[in-house]
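For reference, the structure discussed in these notes is given below.
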Amino acid sequence: MPPTEGLVLGIPTGAVARRLGVSPTTVRSWEKRYGIAPAARRGGKHRRWSPQDVAMLEEMCRLTTAGVPPAEAARAAMASRLSQTPTHPRQPARPSQPAPAPLPPRRLSTASSGLPLGAVRPECRGLARAAVRLDGTAIDALLAEVMGEHGPVTAWEEVIAPTLHAVGRKWGTTGERYVEVEHLLSWHVSTALRKAATTSPLNIEGGPVILACTPTEQHTLPLEALAAGLAQHGWPMRMFGAAVPADALDASVRRLGPAAVALWSQSHSTADMSVVRRVAATGFGLRGARIAPMVMLVGPGWPPAAAGTGMTRPRGLRQAIEAISHVYTESAPRFSA
Numbered sequence: 001m002p003p004t005e006g007l008v009l010g011i012p013t014g015a016v017a018r019r020l021g022v023s024p025t026t027v028r029s030w031e032k033r034y035g036i037a038p039a040a041r042r043g044g045k046h047r048r049w050s051p052q053d054v055a056m057l058e059e060m061c062r063l064t065t066a067g068v069p070p071a072e073a074a075r076a077a078m079a080s081r082l083s084q085t086p087t088h089p090r091q092p093a094r095p096s097q098p099a100p101a102p103l104p105p106r107r108l109s110t111a112s113s114g115l116p117l118g119a120v121r122p123e124c125r126g127l128a129r130a131a132v133r134l135d136g137t138a139i140d141a142l143l144a145e146v147m148g149e150h151g152p153v154t155a156w157e158e159v160i161a162p163t164l165h166a167v168g169r170k171w172g173t174t175g176e177r178y179v180e181v182e183h184l185l186s187w188h189v190s191t192a193l194r195k196a197a198t199t200s201p202l203n204i205e206g207g208p209v210i211l212a213c214t215p216t217e218q219h220t221l222p223l224e225a226l227a228a229g230l231a232q233h234g235w236p237m238r239m240f241g242a243a244v245p246a247d248a249l250d251a252s253v254r255r256l257g258p259a260a261v262a263l264w265s266q267s268h269s270t271a272d273m274s275v276v277r278r279v280a281a282t283g284f285g286l287r288g289a290r291i292a293p294m295v296m297l298v299g300p301g302w303p304p305a306a307a308g309t310g311m312t313r314p315r316g317l318r319q320a321i322e323a324i325s326h327v328y329t330e331s332a333p334r335f336s337a
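For the record, in the sequence shown the residue sitting at position 115 is 115 according to UniProt numbering, with numbers rising by one throughout.
Structure, rendered in structure tokens:
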């Protein structure tokens, strides 16, 4: 018998799983459920994956991360392996296989990701899978793609926020098991939103929009999404972030002369109306003709009837941006008493 006969070549399942950033159980479940297995089968329980097999699994990961349902992704991945399998020199070349089908149109998807997402866009499903796998590179790529194609507002409302809410619900029902998923996803989302907020040129003159959380509020991601949305329009803004003291808000209004002040509150416990009234009464400009900024109450913490004269309470990110657009297109200034 030739010395190489019976030699098992290729990479074992465990090594392939580590390379892909998934568990060996996931790779085995793909074989069991969708038939995505090594092309060359040998006896015994151990699988060995050739370079073409590994490329097929990488394509499977890429497609599922992008939101393609696993069964559909498996068919496309196996077709891609056929198209790149080298032919034997004594055999006629196989006809070229058609390229894998493009990603599905923007439709709602219910494919499983391990998170309670419901019916969402495929991009949302892909972002959830990447987060559960703790795949930072895939998270960055998906965020860049969806924000580049749809802009930060749609990306936030239809992809990012639903995924963050699903991670939060999963965390709430499993103790601390998904804390690392939530923290990793939040960090990458914040990075993407801040990048979007600092790369758009200003196209308007005038006072900026002040973005700040109430003095006891720590949640900043929705406010960062608003900052990215404002930057997309070229409107100036100043982001002060979490837990801004009332004195600091008062001083910033007097120093900057803002067109609007957006105050974020995530819960009823952080919705401090005394701070709102103080900011609304803070004017700037010449004595006798002081101008007061529009005060915008953003976030679910504010009660529906919280807004008073000179204030607005938008129901979402898109409505907040629309309200700010009216401020910049108004010709008449807003004078305080």
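Heads up, the beta-carbon is just placed ideally off N, CA and C, and yes, glycines get one too. None of these values were measured; they are calculated from a predicted model.
By the Cβ test, the segment 273-283 is not in contact with the segment 315-324, since fewer than three Cβ pairs between them sit closer than 8 Å. Look at the beta carbons and you see the segment 50-60 touching the segment 12-24: at least three pairs across the two are nearer than 8 Å.
Following the DSSP letters along the chain, one finds residue 134 in no alpha helix (DSSP H), marked with neither H nor E.
Secondary structure at residue 220: coil, using DSSP grouped into helix, strand and coil.
Burial state of residue 234 is exposed, judged by a 10 Å Cβ sphere holding fewer than 16 other Cβ atoms. Between residue 274 and the set 293, 306 and 259, the nearest pair of CA atoms involves 306. DSSP lists no bridge partner for residue 61. Rounded to whole angstroms, residue 230 and residue 13 show a C-alpha spacing of 48 Å. Sequence-distant Cβ neighbours of residue 321 in its own chain, meaning closer than 8 Å and more than five residues away, are 153, 226, 229, 230 and 233. Look at residue 209 here: in three-state DSSP terms it is strand. The secondary-structure analysis by DSSP pairs residue 264 across a beta bridge with 213 and 298. With contacts defined as CB atoms closer than 8 Å, residue 211 and residue 189 fail to qualify as a contacting pair. Of the residues assessed, residue 137 falls on the exposed side of the cut-off, its CB having fewer than 16 other CB atoms within 10 angstroms.
The DSSP-derived three-state label of residue 14 is helix. Contact between residue 327 and residue 294 holds, since their C-beta atoms are separated by about 5 Å, short of 8 Å. In the three-state reduction of the DSSP assignment, residue 36 falls in the coil class. Note on geometry: alpha-carbon atoms of residue 207 and residue 240 lie some 15 Å from one another. According to DSSP, residue pairing for residue 240 in a beta bridge does not occur.
For residue 235, the three-state secondary structure derived from DSSP is coil.
Note on residue 33: under 16 other CB atoms within 10 angstroms of its CB, so exposed under the neighbour-count rule.
By the 16-neighbour rule on beta-carbons within 10 angstroms, residue 53 is buried. When the beta-carbon positions are compared, residue 75 and residue 39 stay at least 8 Å from each other. A buried status is given to residue 70, since no fewer than 16 other beta-carbon atoms sit within 10 Å of its beta-carbon. Proximity to residue 47 across 25, 64 and 323 peaks at 25, based on C-alpha coordinates.
With a contact defined as Cβ atoms closer than 8 Å, residue 167 and residue 185 qualify at about 6 Å. Collapsing the DSSP output to three states places residue 48 in a strand.
The beta carbon of residue 147 sits closer than 7 Å to those of 155, 192 and 196, all from its chain and outside the five residues before and after it, given in chain order.
By the CB criterion at 8 Å, residue 79 and residue 63 fall outside the cutoff.
A distance of 8 Å or more separates the beta carbons of residue 130 and residue 209. Beyond the five residues adjoining it in sequence on each side, residue 296 comes within less than 8 Å, by CB distance, of 260, 261, 262, 263, 311, 312, 313, 314, 320, 323 and 324 in the same chain, given in chain order.
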